[in-house]
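Residue numbers (our numbering), protein chains in the order written: chain S, 381 to 844; chain U, 381 to 844. For glycine and all other residues, C-beta sits at the position ideal for the given N, C-alpha and C.
2 protein chains.
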Amino acid sequence: MSRITSVSTRDVRFPTSRERHGSDAMNPSPDYSAAYVEITTDADDGHVGAGFVFTIGRGNEVQAAAVDALSAGLVGQDAEALCADLGGTWRSLVHDSQFRWLGPEKGVMHMAIGAVVNALWDLRAKRAGLPLWELLAGLTPEEIADLVDFRYLSDALTRDEALELLRAAEPGRAERRQALLDHGFPAYTTTPGWLGYDDERLIARCREAVADGFTQIKLKVGGDLEEDVRRLRLARETVGAGIAIAVDANQRWDVDEAVAWIERLTPFGLAWVEEPTSPDDVLGHAEIARRIAPVPVATGEHMPNRVVAKQLIQAGAVSVLQIDATRVAGVNENIAILLLAAKHGVRVCPHAGGVGLCEAVQHLSMFDRIAVSGTDQGRYLEYVDHLHEHFVTPVDVHDGRYWPPSAPGAGAEMLATSLTAYAYPGGPVWAEAEADAETDAQPEGTPDGRAEETPGRVGAVPTP
Amino acid sequence: MSRITSVSTRDVRFPTSRERHGSDAMNPSPDYSAAYVEITTDADDGHVGAGFVFTIGRGNEVQAAAVDALSAGLVGQDAEALCADLGGTWRSLVHDSQFRWLGPEKGVMHMAIGAVVNALWDLRAKRAGLPLWELLAGLTPEEIADLVDFRYLSDALTRDEALELLRAAEPGRAERRQALLDHGFPAYTTTPGWLGYDDERLIARCREAVADGFTQIKLKVGGDLEEDVRRLRLARETVGAGIAIAVDANQRWDVDEAVAWIERLTPFGLAWVEEPTSPDDVLGHAEIARRIAPVPVATGEHMPNRVVAKQLIQAGAVSVLQIDATRVAGVNENIAILLLAAKHGVRVCPHAGGVGLCEAVQHLSMFDRIAVSGTDQGRYLEYVDHLHEHFVTPVDVHDGRYWPPSAPGAGAEMLATSLTAYAYPGGPVWAEAEADAETDAQPEGTPDGRAEETPGRVGAVPTP
């Protein structure tokens, strides 16, 4: 047995808004950030459980405060017991009535629970010497079902139905595991499509994507309709008919507006339309889906919990469900969502990008492929080629595919040097920015001549 | 012109869990709390804008941290300009893309915006020398529409439709204002119905409620079915056929469970069934509503925003919409919800109780009665007789009705002595509790002999 000795948080921010590569219709200037959690124990193995909530800047300290609030209930507890019964641990955190009031089961407090749950999964996987996907894919159907809270789900998925599905997938696990190791998991790239890119850059990135082996790209839309039509035509001409193109409106439209806008884009062939309206608007998504059919609607990166996921599926509002590693209450709740999707035949194409989201969410898709849905048909993991260098185990993406990580853990652990450099507000990157700001007369957000010399300004910047 | 000089927060908690009067099926031991906001300016008038978020204990510091995060963007700004264009102010706060990521438009960050918005309304009302309800009811239809963000609402309510509705209500305003002053606003009481009450207490409180002029009471249910049947029978026998009885399950059930449970309670005559399932489950509520018809479904105290309110109405999931003063982003978003309800003929019976919720939400119902829906038919304001003594302008409820406040402001201002006494964790009430805990061998939550001597233990305790 070992005791949890600390649950500590760090406010880590990357000054990505300085470059504005990641511009979309709703998020013009994100500073990709993490409320980063480290769970330490008194065990001799030295393992630290790492988790985080991804945010885009201001308010990251609120997210960190929410994790801190959970710390008092965890320090001193038996780490083995918590990790051995992560279903029970999840319930005890999510059902705490006082914390629950702050959501319930949504927003800052729920995401904080997710970070803690994910850090415990990271610790468990490290102790087991397995990458998370492999740990999960080795659990029995009963063990998997025990991880899920079926409250509020039983009208769409019961525990028995989940077990049936998991048992049906059991015989093929070994074969699918091998297939995953041999062929990886399909990816698509969002890199070409930032709203702020000029035509030259758009074309160059489209060509690169195809050359890199991607069979699907994604473009941001929703700023200006004529511009969207023009950019989409250009992209289609560049990649040809054989490459799928998805578009992402980042919640920009109301229902009628969405339908009218999408009508103009449909002739270019849309793999899906992502986040056409408010992420809370199940009925709005359903109405849009009905009116733009057969163009698929995708959403989910901002759905707060499994209850909204359930309704998106029940209402026929979504053809492509986009789970996010840090929006809901961690691995357990995402397993509930994977089970819901599998039962109802909805494909899951996770949201990733930001900082660390690719590293974290790949484990869930790989687990799903082996032990839940049992397929990668029509499934794509989102990929954005940025900020991976800050992780101990960065993703391995090549030939248009994610290749399964072999390092033990859940993928969330960041490099100590990055944690120090990007600490907010005290880290050197931000102290330097402060100093720059005092002597720099250029408007905020405009890249200056020193852009390439500052760590935070190296490389392009993803959009969430 | 005056500048905002500070936006300060206080963590104020009442140790209400010690008495357990407020027990319900989901919240066994709430410590009613407020993340309390004060906005000060450099104006000579000395007015301070007060607002708060109601929470039930742990995590109140996270809620306060969220308000603190907003402070940097407000201090130094022109208070008159912010108050004169509260629609614009609301948008600038809610649409801040970095903060928005933490919801979006839900949970801790959204409620923090609500507290700030409400504090600005309090400031504006104090400067105008009017109670908030009267200030709002004196605005033109255009001014009211300007307060509302119609984004994501246009499939259920456009600005033009809102204007039409407001203009139609305009001619009768003076008459309805007078009727409100003369007759008050109907209330119902939740005091008799705590789950933890024994029969004697239940009967006594039921009798008191009738004697006090209430025509509706509410009982908590969802713990144990046979107990619920027994208590409901007892209550019905006590109050007679002429008093309406609503029941509140506080999100306890899944869909099938709700329907089966309610079937057993229906013979006793139910005014409504409140929060039968997850507050996010629009489709679940709709299914329950369909199957228990004609018994009305009530919900809304935990709906995170106007988008969920819209869907509850669109789906026919709710007959009684229960707005809450501090769950959404303040007065403006509640006006959007009042307009949605009025357009679609859904009656609004606000959630109140907790600490300060009665003081705050009454202004919205009174405004609605005069200038929006134009009626109080079937509308009841929830009332719980506790913790009002901590407010500068406590509610005036007698003869089963709320009587309109005349004091300038939005009702949220707490007494300085209460703010000091209940400050957490440093205030004397909590320091005393700490000292008690060290010498007190009684189990947590059990009232001890000194209950009546400790400020936090005075009086009974409401449930949210």
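CB contact check: residue i to chain U, cutoff 8 Å
i: S:H768; result: no
i: S:P511; result: no
i: S:Y804; result: no
i: S:I436; result: yes
i: S:N377; result: Given that chain S is displayed from residue 381 to residue 844, the structure contains no residue 377 of chain S and the question cannot be resolved.
i: S:Q457; result: no
i: S:M489; result: yes
i: S:A695; result: yes
i: S:Q702; result: no
i: S:S388; result: no
i: S:A624; result: no
i: S:R613; result: no
i: S:R531; result: yes
i: S:A446; result: yes
Residue j beta carbon less than 8 Å from that of residue i
i: U:T571; j: U:A549; result: no
i: U:H427; j: U:K506; result: yes
i: S:L701; j: S:V726; result: yes
i: U:E667; j: U:Q631; result: no
i: U:L718; j: U:D748; result: yes
i: S:M491; j: S:Q558; result: no
i: U:Q596; j: U:A673; result: no
i: U:E793; j: U:A430; result: yes
i: S:V687; j: U:S658; result: yes
i: U:L500; j: U:L462; result: yes
i: U:F771; j: U:L795; result: yes
i: U:V417; j: U:L454; result: no
i: U:A709; j: U:L737; result: no
i: S:G602; j: S:W574; result: no
i: U:D411; j: U:T396; result: yes
i: U:A322; j: U:I750; result: Only positions 381 to 844 of chain U appear in the structure, and residue 322 of chain U is not among them; the question remains open.
Residues that residue i contacts on chain U, provided the C-beta gap is smaller than 8 Å
i: S:H682; result: P484
Contact set between residue i and chain U, taken where Cβ atoms lie within less than 7 Å
i: S:P656; result: Per Cβ cutoff of 7 Å: no residues; S:P656 is ~11 Å from chain U at best.
i: S:P408; result: S477
i: S:V688; result: D660
Proximal chain S residues relative to residue i, where beta-carbon distance stays under 7 Å
i: U:N685; result: D660
i: U:A525; result: Simply none; closest approach about 16 Å.
i: U:A449; result: R438, G439, E441 and V442
Where residue i meets chain U, residues with beta-carbon distance less than 9 Å
i: S:S534; result: D634, V635, D636 and E637
Residue(s) in a DSSP beta bridge with residue i
i: U:Q596; result: U:A624
i: S:L605; result: The partner list for S:L605 (beta bridge, DSSP) is empty, contrary to what the question assumes.
i: U:D776; result: U:W783
i: S:L848; result: Nothing can be reported for residue 848 of chain S, as the shown portion of chain S is limited to 381 through 844.
i: U:P656; result: Looking at the DSSP assignment, U:P656 forms no beta bridge with any residue, so it has no partner.
i: S:I419; result: S:V387 and S:G429
i: U:T848; result: Nothing can be reported for residue 848 of chain U: it is not among the residues displayed for chain U, which extend from 381 to 844.
i: S:F771; result: S:M794
Minimum Cβ-Cβ distance from residue i to chain A less than 8 Å
i: U:L663; result: Although the question refers to chain A, the structure presented lacks it and instead comprises the protein chains S and U.
Residue-chain proximity (residue i, chain S), Cβ-Cβ < 8 Å
i: U:G791; result: no
i: U:E667; result: yes
i: U:E441; result: yes
i: U:Q822; result: For U:Q822, the pLDDT reaches just 39, beneath the cut-off of 50, and the residue's location in the model is therefore unreliable, although a value from the coordinates is still provided. No, no contact with chain S.
i: U:Q375; result: The first residue shown for chain U is 381 and the last is 844, placing residue 375 of chain U beyond what the model contains.
i: U:W481; result: yes
i: U:A813; result: no
Could you tell me whether the region 435-451 of chain S touches the region 401-421 of chain U, using the rule of 3 or more Cβ pairs below 8 Å?
no
Does the structure place the region 433-440 of chain U close enough to the region 429-442 of chain S that three or more beta carbon pairs sit under 8 Å?
no
Would you say the region 563-570 of chain U touches the region 748-768 of chain U, given that touching needs at least three Cβ pairs under 8 Å?
yes
Stretch pair the region 383-397 of chain S + the region 463-481 of chain S: three plus CB contacts closer than 8 Å:
no
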